[in-house]
Each structure stands twice: as C-alpha cells, then as structure tokens.
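There are 6 protein chains.
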Amino acid sequence: MLLNEMSWTEAKKYFAKNDMAIFPVGSNEQHGPHNPLGTDYLIAQALAQKAAERSGVLCLPAVPFGVSSHHKQFWGTVFISPTTFKSYVKEVCLSLRYYGVKKIVIVNGHGGNLDALKQLARELRELDVFVSVFQWWTAAAELLPDLFKPGERSHACAEETAMNLLLHPNLVKMKSAADEVLKEYIFENAGVSLPLDIADYSASGVLGKSSTASPRKAKKVFDAVVGELVRHIDALKKMRSKDLAQKSKA
Amino acid sequence: MLLNEMSWTEAKKYFAKNDMAIFPVGSNEQHGPHNPLGTDYLIAQALAQKAAERSGVLCLPAVPFGVSSHHKQFWGTVFISPTTFKSYVKEVCLSLRYYGVKKIVIVNGHGGNLDALKQLARELRELDVFVSVFQWWTAAAELLPDLFKPGERSHACAEETAMNLLLHPNLVKMKSAADEVLKEYIFENAGVSLPLDIADYSASGVLGKSSTASPRKAKKVFDAVVGELVRHIDALKKMRSKDLAQKSKA
Amino acid sequence: MLLNEMSWTEAKKYFAKNDMAIFPVGSNEQHGPHNPLGTDYLIAQALAQKAAERSGVLCLPAVPFGVSSHHKQFWGTVFISPTTFKSYVKEVCLSLRYYGVKKIVIVNGHGGNLDALKQLARELRELDVFVSVFQWWTAAAELLPDLFKPGERSHACAEETAMNLLLHPNLVKMKSAADEVLKEYIFENAGVSLPLDIADYSASGVLGKSSTASPRKAKKVFDAVVGELVRHIDALKKMRSKDLAQKSKA
Amino acid sequence: MLLNEMSWTEAKKYFAKNDMAIFPVGSNEQHGPHNPLGTDYLIAQALAQKAAERSGVLCLPAVPFGVSSHHKQFWGTVFISPTTFKSYVKEVCLSLRYYGVKKIVIVNGHGGNLDALKQLARELRELDVFVSVFQWWTAAAELLPDLFKPGERSHACAEETAMNLLLHPNLVKMKSAADEVLKEYIFENAGVSLPLDIADYSASGVLGKSSTASPRKAKKVFDAVVGELVRHIDALKKMRSKDLAQKSKA
Amino acid sequence: MLLNEMSWTEAKKYFAKNDMAIFPVGSNEQHGPHNPLGTDYLIAQALAQKAAERSGVLCLPAVPFGVSSHHKQFWGTVFISPTTFKSYVKEVCLSLRYYGVKKIVIVNGHGGNLDALKQLARELRELDVFVSVFQWWTAAAELLPDLFKPGERSHACAEETAMNLLLHPNLVKMKSAADEVLKEYIFENAGVSLPLDIADYSASGVLGKSSTASPRKAKKVFDAVVGELVRHIDALKKMRSKDLAQKSKA
Amino acid sequence: MLLNEMSWTEAKKYFAKNDMAIFPVGSNEQHGPHNPLGTDYLIAQALAQKAAERSGVLCLPAVPFGVSSHHKQFWGTVFISPTTFKSYVKEVCLSLRYYGVKKIVIVNGHGGNLDALKQLARELRELDVFVSVFQWWTAAAELLPDLFKPGERSHACAEETAMNLLLHPNLVKMKSAADEVLKEYIFENAGVSLPLDIADYSASGVLGKSSTASPRKAKKVFDAVVGELVRHIDALKKMRSKDLAQKSKA
C-alpha cells in the first residue's frame, strides 16, 4: 500500500473506505564516519512501509531532508529551516485531507524534526486532522530498556548503527565506527537549555559508543518497534474522528 | 539593574562594561481555578529580578504573553503563535545586540515557549549572540528531587502553586485548589507524541495535586533555583564570547 | 480587574457578562537622561489600571516593547518592527475575541506604535472586533490646553516627565533633566515628511523643555486623562456591537 | 525626464550624473459622485511631472493603486494591503538604488498611503537611500491657508475637485458634486483614534463641501505646490548623501 | 470605459450589470537603445483600452512595473520580485471581486510577468474568479506568421519596435536601433533551462533585428491582435461563471 | 555517488575536489489509471542516478512531492504550493553551497515544478550558485523527434508510460491504459493562457494516447536522454564558476 505505486483510480478506491495514512519523514545528515547520511529517512521509510504492509494502511514516500542545522559542521548534511520543513510536510497532509484523510501517523526518523512536527500536528488538529508522531528510538527505549546501554542509544551510536546494519548493511563501514567520549561542554547548570551543535560535543559526529553495533540486536528493535507502531495504527484506526476533535471551551 | 528603570545614559554606562543581560518571558494562561493567569510571567520576573540583583547583570521587563494555545479551552488564556512569539522575543534580543550584548539568559516561566526559544537561540548564535534558556521547574527537579512528588510537579500543581503563595499570596485562592486525577487519554503506545490540549486530560486545568502547596517549601525552591541561576549567570559572564561562537566545519 | 490576577474560573464569569477589555501597550525606549526607559509602558499601565478600576472593565498586562527604531541611537532602547509588533498585539486581541470580546480599548503609551495599532484596528473590525486606541498626551492637549506650553508637551519633556514624577518619582533624576534646543533639520519645506530619527534633532533625546516638570501639574493631567478614558470606556460599553460593525456597500 | 520615455542608454547617461529621482504614487478610489476614481494618482502624476520638468530630475511612472480599504464601500475602489503596497513601492526604490540613486522624492497623492510610505522611508534610510514624502494638500494648507475653508479641504471636497477641474476637466461632473454634512460619529472623546471607514461618516464619499470648486483657485494651488515641491527637490539635490545618512549611536 | 475616469456612482452602475474587467500589466525595462523603457506597459495599455472601447468592458489603469530582473544590467530597468508583483496584481483582482467581478482578462505586455500571472490566475480560480492572460506577441505569431521573421519577433526587435512606432513614434529613436547577433551561450544541450539574463546574450539589450521596424506592419499587428482580444473578451462575456468554476473530484 | 549512501567523511572528500551536484525532483500525482502516482520522481531519480554513475558527480535523494494542484481532482495527488516547493528545494541547494558547491543540475521530472525551479535558479545565481534545470521529455522531443507522435508525448501518454514500463514495469497496469480524446475547452483564442486543470480536459487524467507504450522505445529514450544529460553535466563541469557568474551593469 504505497501511495507512489498506486494509480489514482486505486487511490480513489482506498480513500473511499479509509481515512488514514502513514507518512515517513527523516533527514539527510551526518551519522558518524561509518553510517550513511540518509540513515534517518531510510530507517523511517523501512519502518513505515513494514507497518503499512501489516496494517493495510496507505504509506507515503519519505521526506528525505529535515531540520538538521545542528549537524551542519559535518559535510554533506542538508539543513532545512523549521519553517520550510513544517510548510512542506503540512501541505502534504493538507493534500491528504482533501481526499478525506482524518488521521495521519508521521513516522519521524530524526529528532531534530520533532518541534516542527508537533507544531504542525497542533495546527492540523484545528483543521480536524489528527496527526500523531512516532519516533522509533523513544519507543525502543521504553520497550527494550535492557538491550542497549544509555551511551549506545544516542545519535549514530550502536542502536542506530545496528538498524543500518540490519536494513542496508552495505552502507555501513564498521571499521570506521567511532566511540566518542563527549566533550564536557561549558555549563553544567541545572535547568539550562543551550543552542549547541553536535560539533560542540563530538569530533566524529557520534554521540557515544557505536562500535558495539550488531544486526542481531537490531532485529529485536525493529520487530518490537514495528509491533508497537502497528498497535498504535490499529488503535487510531478504531477511533472515530469526532472523538479526536479538539475540545470546546471549559 | 532593571532596564526599564534606567535612563539611556545609565544604560550606556552599563553597556560600556557589560555584554550580558537577563530576559524573563512567560505567559498569561490558566493555572487551575486557584492560581492567577499571570503565574508564568510573574514567577519568571521574580526569579530574573532576584538573580539580576545578586549578579549585577541587567534585567529586562518580562514578556507577558506566550505560546499557550494548548490551554485555550480555559477562559482568559492568551495564545500567541510560535512564529510571532519568536519574532517578538528575537527582536528584543537583536536590540540588545545593537548595544554590544553577546550573552543573554532567558528566564522562561512557561514550558510551551521552549521550542520557540530554542529555535531563536540557534538563530542568534549564527549572529554571534549566545542565548541560554533557564527553566526553574527543571532546575528544581534536579536540585531538590525529594521536595515534591512527581504528581505535584506538573502544571498548576503544588510546586507551582507554592511559588505563587510565596511571591504573591493574595493572588492564590487555596480553597479552590484542585487535585485532578488525569483522564487517561486514548493512546498508550510507546514512542508516540500527540497534539493534545490540557482540556483533553484535565477538567480543572491542573495536571495533578495542588492542594498540598505551601509557601515554606517554595522558599526552598526559590532559593535553590535563584542560586543555580546566579551560578549559571556567573559562569556565562566569565566566558569569552569567541569561545561561545559556532564551530567551523569539521 | 486585572486579567493576570484572575484565575480562569473568574475570567469565565467576567466574560459571561462582559464583551470588553482594556489593553495597555507601550515601549522601552530612551526618554532623556532623567526619565526611565520604561516610561511609556509604565504610564500606559497606570492609566489603564486606574480606568479599569473605575469602570469595572478587565485590564490586561502591558506590552512592554514597541516600535522605537527612531530612538535607537540612544542606548537601551528596544526596537520591535511594526510587523512583529502588530502581530503580537493582534494575537492577544484575537485571543480575547475567542472568549467573546467585541470591544477593546488599547491604551497606547508610545506614539511610534500608533500606525501599527491603527492598521491592526482596521483588520480587527473586519473580524467584528472594534478596537479604539487612546493616547493620553493627545487627550491632555485637548482637555488641558493651558497647562503646558507646546515645547513642554513633546517626547520626554515637562508633561511626560511630570507623569513619571507623579507615578514613580524614584525613577526620575531631575538634576539630569535636559532642556534641548532642537537642531533645525535640513528641510523646511511645507508638505514634506522625512524619515528622521530623534538623534537628528536632539543630543539628549529630549524634544524640548523638561526641567519645568512638576508632579502637581501631572496630577491634573492624570485625573483629566483617566476621566476622559473612563468616559470613552463607558460610551463604548453602551454600544451594541452590531452598531459598531463595518458598513456594507453604498 | 520621464523614465518610461527614455531608453536604457539615455537612462545610463542620466544616472552617471544624478543620484536622485521623483516617484509619484496614488490610488484608485472613490472621490464622490463627481470626481474620477483615478483622482489621487492623476494629480500626483501631474505634480511630479511638472516638478521633474522644472528641476531636471527624473520622474517615474505613477503607481496607480494604493491603500484604500477605508473607501471600499464605494464601488470601484481598489484596495491594496499596506504590506503589499509597501513592498511594491520599496522594490521600485531598490531598483533605483541599484543604479546609484541616493535620494527619492515620493509625491504621494493619497493620505491612506502615508503610513506605509513613512515606514518604507525608514527602512530605505537604513540602506543609505533617503526618501522624502511630499503631500500636496498639506503643502497647500500651509502655503495658502486662506484659499479654502477647512470644510473645503478634505477628501473629494472643493480643493481636490478644483485640482481635477484644472488638470482634466472632462473627468469631473460638477452637477453631481455633493456637499456633505458629516454624520457625527459615535465617540467624541479626546485622544481617541477609531478604525472608521468613510462610509461611517458620509453617504456620498465626500467629506465636506465640493460644489464650490473652481479651476481658478486650483491654478493658485497647483503653482504654489509645484513651486514648493521644486524648492524641496532643489534643496535635497544639494545635500551630500553622507549628510543624510543615519546617525551613529549617541 | 476606463475605471480611473469613472466616479464611484458610475462604477456602481457598471458593476450592477457586468461581471467582467480588462486589466493591463507591463513593466518598465530596457528595450534596446532605441525603444522607451515603458514599452511593455504602454503597449499593453493601448491594446487594453482599445479592446475596452470596442467591447464595452471596463478597463483598469495599467500596472507599470513588473518582473524584470533578467534585464537589470541595462540601466533604468525596474525589477519587482515575482512574489510582490503577484500580491499587488492579485489584490487588485480581489478588489474587483468584492464588487462582483467574476472574469478578468489580464493584458500582459511583458513575458517575464507570465509565471506570476499564471499562478495568480490559478489561485483566483479557487476563489471563483476566472482570469485569462492575453499576450499580444503570442497572438500575433499565431495570427500573422508571415509578417515578421523569427529574428524580428523577439524582445525589442522589429515587431515590438514597430508597435512603438505606431503608438508613440516620438519615443523611438530609429537611428539607434540595434541589430544584434546573439552570443551563443555556453550550453547547447537539449532539455536544459538556464537562469540567464539578457546581458548574457546581447550587448544592446535587443534579441535580434530591430532596424527593419515599420509602423505600417504594426498597424496590421495591432488590428489583428485587438480583434483577437475582443473576440476572446466576447467569448468570455458569454460564459456563465459556474461553467468556468473549478471541477470537483473525479 | 549517492549523497544519502555516503558518510560525512566520504562527503568531505568529495567536496574537497568537486563543486558540483545532481539533484532530482519530481511529484506524486496522477498519471492516468495505469501509471503509478510516483511516476515523476521515480523517473527523475532513475535518470539522475544513472547520469551520476556515468559522470562521477554526486547525486542527492529525490524530492518526492511537487507543484501539482492542477491534477488535484484525481485522487492521491499531493499538491505543494509553488512558494513552499521553492523554499524547500532552495534550502537544499543552499546547504550544498555551504560545502562549496557552485553548480547544480536539477533533474526535474514534473513540468509543473518548472516555474518555481526557474525562479529559484535565478535567485541562486545572485548567490553565485549556477543551477540548470533538465527535463527529459523536452530533451527527448529534440533528440528523438520521430519516435513518438505529438499525441503520445504529453502527460501520462505513451512516451511517459513507456519509461515506467522500462524502469518499474510492475507498477504499470497496461490494460487500464487510456486513450483520451481531449475535451476542446472553451476558448480557442490565440495568445491566451488559461488557469485550467487537467480535469477540464481529460476524464482519465491522460492527455492523449497511452495504449501504444512499449519499453523498447523507452530504452531509446532513456539512453538518449541520459547521454544528453551526461553531456550537459560534463560541459558544466568544465566551466569555471566565475564564467557562470552574473554579468555586471552594461
């Protein structure tokens, strides 16, 4: 059920019976010296397509470029502004709304996109479209807390590298995998948020340990995460859109 | 050292020797049936002014309206769009930059403002101004983890109510204080972010227990938080602005 | 009746019976070597709150930063662009509209804001909200034409300084008060409007005589102006909003 | 010296020796039952071209549509938003700047355009282009205060009608000329600015007395106004652009 | 039937019976060393006014500045961005829509405007206004294919120069007319579109042969083109606006 | 040489020696009852990747959604506004510019994107990046004029269907292929551009004959087009970027 593979007459039949879609978004940004720049959209796409297959819900093509300016010191990163990224993704969702879609699950492969996606979801709910944003690494941390150590869960580390090894092993150069000891940055104060780039912390672009990646663990992650994503899709499918509508004044 | 109380000739003297400022921002939004709508900017202002007094760093007037559309079902909430809020706060920071300011500590009283402030801080770093965002409740949770239970730490609950009782007790009506059992919302799936409003969870606008608030505990919070804020300000004051600049390509 | 001091349940009661609000806006900008930078929003706030008290109409917190780039050569001035200022104030008004407000009196403390506010008022009338903009110095010049000489009525001069002496005397340094002989600027031609800054005319930022300020005269101004503002509020309160609506085609 | 009548090679010669231009802007909006909708841009164009002829300064084609939404209840009015109008006029000025122009006299035929033009002039001064805005009716009121009574000086009244009778008599239908007694609108309070349309005051679109118009008086106005405009152009021509630049910090 | 020459009461009578208008737009840009910068809007205006006269449809004043940055190396060209040009023209059309206009024929004198006009027409059709864009040189090439050789039909060449000779001969300096052999630009590849300026191809700004221009041929062009324009206007006049509305989903 | 498959360290090596990239963009829109919605970006991607392989120039991931509102009546079409599409593609190009790229060949699979891409290319040339836009069907019509009849060359017809049959035959349902006799639309006038949708002309979404598609002819097209694209890339590669820069004033 990939939108790009259907003809419009097939799409018409789908939309006549379904008000839901899955939409993967990612980025093209550095993931250390060993992972491909496309990591985030490739993983999002793989998860979304597998969940579409299992749930019978339509899946869109992945948005390949996202909000990545905090990675820009590392060559080849493409960095879209949050405003433009939000507009682009939102207009895709509004196109779906034109065909009657009321519920969209965005499978987001890149944390830097999240603020823009949350804002977009709020705006679409005002227009009677309910958008949920699914992030696989958050799901994995809740579902499989014992599989990786904290230092293996961050950007370009063992967990993410493992997913690449599982999905497209030819794109990973494990002998270049870096284990980074993060620079302690300047302020240790509690309650403070700083506008730091990855380059402030890491020379390799990896935010911890990546050399311990293995596709075997990734299989557990992939299965658990797809399972949870499908459960979410099924739960959302059953909701009536009026029960998802914004509440009126108290 | 309040900017609004100085004349321009006094400001000129300050800026001749200092490249730093403190800037409180908040919101005007519901905080349950017992707290004032102004809670967030009033607390931010009190913390910022106290820290200014102790650190000798200039403090600006507080921005009173913020990003609060998720509270709008509760009457009297003012909701600014993230785009407009960011522009407004950013142009204040750019004005300071014109007078040589290189470091700004934004004391943010409202979590809903954070995404916009983080984005603004990233944009300003590209213009050689380093903005950090301080949030008191995050600081308090790290500094005083045993003082309140989790259910007392959320929006309009005991911790925040206590701060109001300490700072402006006449504005709190404790006999209206609500203890809310949050509605379990529709989806329990791991890894999912939903565009929910407070009204989806809570009938009173409180997100937990507020009746246990006491000004005594607030005193500890206030002192600990101001202490940490001053430590952060002092640490930032010592930094050379070239060491805060964005890194060049790897 | 300060919005920021009410809880949402109190606000709900107010809005159930009232469709009106008072909204002070000002600026943070130079007012000569003797007056505080906050002059404009502090005076607007004082007038608005007094009028709210006397009329029983709700008053919002003051917007502290406005359209002041023509003062920017004088240190400490915060200058917001007209576009951003209009959006910020407009979104506050639209929030009030969501709760049923149909009439808003903006008490403007800074002439530089006026163009943006007039445009905003025109846009809101198209949305069935009637906004009037009240400026105290214009009102005073009509109500008390004999109290000050023309050279005492302008920016940071005796009239405005007197208001500061009345409302927050501790923020005025009368021994620094300047009496400025304005530079005659380049063009004397009739019918010409020039994009000049205050710095083109004045070395001190004062646009005339300020040393003659006295709180006694300010008391007369304050009382006359508040009286007129309350009369206007009462007159507007009595209007039916359909009689304030935009006319249809001729 | 009309830009639109020159070839680019002629324009090149002009710009090699001159850094100045005249730019008429107006509107297409109701001027009562007797005057043409084009009144404002036609008069601006006539004045600008005459002044160009006498001063040897280049004149641009007139911008025919302006900020006129306050006239929209009267059929045939074209109403551009202030934002779009400002952008359009500004980009013309920026084109001139590309060819070395440093000083522009905008001859504005419509008061509703003024706020946008003043803002544009401020923005251009930041870019080292000095823009002055000339309005003929203001100039006339200062130069010839005895020629018309106040009730004859306003929109579409005797003064403006007379200019039409002088410049394009065939477009005026004097037998339809209206003398309007303005509706007293709702609020008489001092210091108040209201977002009113012409239709709130006037049934005919005329804001006073128009039947007393005569081309003879218009001749005096035209001559006096062109004279003053030329004096202004000559004065500006003599200025060095560095003396017109924005001042630095005080 | 020129809008700018009518009073609002006359416009009201027109709009009571007609839902159509003609709107000329052009540019002020180089047309070689011999043609006036105003060529494009002057020709558009002449065609539109003649067609208005013959069809009884209302004609607006011409927009004199358009999308011409590809001509900017030639002095005196005014270059508006596509975004601003589209907004300006669109808001004129929306004003007409307010008075009931459902069909607008834009007579476009400058090819560089076309992309913006097509986009605007698409947006207006969504608002139930049908805009067609007429270009005289395209019409002429179809109607009179034998009159000029291809090298005489391009920008500022014999065909366009001839129109100037017919309409305003005093503005053409035929002895400066250039016959340009275009520089072969860098890429000859099929299927490639390049962001070139006129200055990449031509030293004079002419894109071929202009010395062969004669007003006699122009008369044939003018008559043929006006005839076709009137036929189009008449055909559009007869359409019911519901038959011009956007189709619903397939 | 796919950007998304490289790591940042590999990208760094590429950018150290190369200042060029290939960037495919397309759309997701109806292509008749037999072709996949993704046709345009899938073909663009295939051509771009093949050309990258042969030329050694880096290729980006394809942008999958474009400017397609004229197809929206046919289900499943995603329609991005020209403004948002331009911003999204432009910010990708600006990211490349940050890494030293001076020349970009956009391989555009969808004609509806062209206006936005041409505008973007003009804006980037002002920033010293030279963007050319390659469209395969235009190239094919010039290179292989005898292979298809005119009625087979348009949207979703034999030529385009053949490309799908060659590249991803499993996504084409030839038994649903439509041969459409286009509705003659309302106006036949010369020189007129109308804001029509595909649905105004065609019931199937096909704009001519598609049943005659064969992969054999597509092979000739694909080879010829890739050959021409590679020739263009090679020619551009040899250019010095200063020779591609915008010309200065004449």
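Line order of the protein sequences matches chains A, B, C, D, E and F. Quick note: the first sequence uses my numbering, first residue 1, plus one each step. Quick note: the second sequence uses my numbering, first residue 1, plus one each step. Quick note: the third sequence uses my numbering, first residue 1, plus one each step. Quick note: the fourth sequence uses my numbering, first residue 1, plus one each step. Quick note: the fifth sequence uses my numbering, first residue 1, plus one each step. Quick note: the sixth sequence uses my numbering, first residue 1, plus one each step. Ideal placement from N, C-alpha and C gives every residue a C-beta, glycine not left out. In this text the structure is predicted, and so the values were computed from the model without any measurement.
Measuring CA to CA, which of the options is closest to residue i?
i      : options                        : result
F/G151 : F/V206, F/K219, F/K237, F/S7   : F/V206
F/Q119 : E/T9, E/S193, E/Y14, E/S210    : E/S193
B/K237 : B/V105, B/L117, B/D223, B/E142 : B/V105
B/K183 : B/S214, B/A11, B/P169, B/D200  : B/D200
C/A141 : C/M1, C/E126, C/E160, C/H71    : C/E160
E/G100 : E/K12, E/D223, E/R122          : E/K12
F/K173 : F/R122, F/A139, F/P33          : F/P33
D/M239 : D/I43, D/V89, D/F130           : D/F130
F/A21  : F/L229, F/T212, F/G208         : F/L229
E/A44  : E/H232, E/R97, E/V226, E/V57   : E/V226
C/G109 : C/R97, C/P145, C/E29, C/L147   : C/E29
F/S132 : F/A158, F/L143, F/L114, F/L147 : F/L114
Could you pull the DSSP bridge partners for residue i from this structure?
i      : result
E/A21  : E/L58, E/I104
D/F130 : D/K103
C/D179 : C/K209
A/Q135 : A/N108
A/V63  : A/V25
E/S193 : F/V133
For residue i and residue j, I'd like the C-alpha separation in whole angstroms.
i      : j      : result
A/V107 : A/K50  : 12 Å
F/V92  : A/V67  : 11 Å
B/D234 : B/D243 : 15 Å
C/N189 : D/A121 : 17 Å
D/F85  : C/T84  : 18 Å
B/D197 : A/L124 : 13 Å
D/A116 : D/G26  : 12 Å
F/K175 : A/M1   : 20 Å
C/P61  : C/P24  : 7 Å
Should residue i be labelled buried (16 or more other beta-carbon atoms within 10 Å of its own) or exposed?
i      : result
B/N164 : buried
A/P64  : buried
E/Y14  : buried
E/E126 : exposed
E/F247 : For the record, residue 247 of chain E in the displayed sequence is Lys; it is not Phe. Looking at its Cβ environment, which holds fewer than 16 other Cβ atoms inside 10 Å, E/K247 is exposed.
F/V181 : exposed
C/N4   : buried
A/G112 : buried
C/P145 : exposed
B/S214 : exposed
Kindly say whether residue i, judged by its beta-carbon, lies nearer than 8 Å to any beta-carbon of chain A.
i      : result
F/V181 : no
Counting contacts by CB-CB distance shorter than 8 Å, is residue i in contact with chain B?
i     : result
C/G32 : yes
Is any beta-carbon of chain F found at less than 8 Å from that of residue i?
i      : result
A/N299 : The requested residue 299 of chain A is not part of the displayed model; chain A covers only 1 to 250.
A/I80  : yes
Quick one: is residue i near chain D, going by C-beta distance under 8 Å?
i      : result
C/T39  : no
C/H232 : yes
Can you confirm whether residue i, when its beta carbon is compared against all beta carbons of chain C, has any partner nearer than 8 Å?
i    : result
B/T9 : yes
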